[in-house]
Amino acid sequence: MSSNDREARIRERAHRIWESEGRPEDRSDVHWDIAARIIDEEDAAAGEPQREAALDAALADTFPASDPTVMQEPTTAIEGDLPAVRRRKAS
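What the sequence shown shows, in the working numbering, is residues 2 to 92, in sequence order.
As structure tokens, this is what we get:
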């Protein structure tokens with residue numbers, strides 16, 4: 002987006018803020034600052050999915066090879082490897 006587009010969006014948003022506040026005098030700087038922050042936040046939020054997609058594409062060849070190997074416990078126990086279990090005496 003060009004700086005002219007950004008400035009036009011900020012101007013439009015600042016005008017709407019000014020109108021919503023009842024068209025007060027001497028607050029144009031405040032309205033401009035608020036509008037600029039809103040536009041910047043909107044642009045940042047809109048760019049986030051694009052950055053994530055680019056990162057996913059860049060890392061696509063590294064997975065799953067870079068994932069650590071999962072060690073699994075043996076499924077059968079060898080006699081004598083199990084801890085002793087104490088049984089309660091029947092009352």
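No residue lacks a Cβ here, since even glycine has one placed at the ideal position from N, Cα and C.
Cα-Cα, which of the options is closest to residue i?
i     : options                       : result
Arg12 : Ala55, Ala46, Trp33 and Arg38 : Trp33
Ala37 : Gly23, Arg10 and Leu56        : Arg10
Asp6  : Glu22, Ile40, Ala55 and Trp19 : Ile40
Glu8  : Ala47, Asp27, Arg28 and Ile35 : Ile35
For residue i, does the three-state DSSP call read helix, strand or coil?
i     : result
Arg28 : coil
Glu22 : coil
Ser3  : coil
Looking at residue i: is its Cβ nearer than 9 Å to the Cβ of residue j?
i     : j     : result
Ser29 : Trp19 : yes
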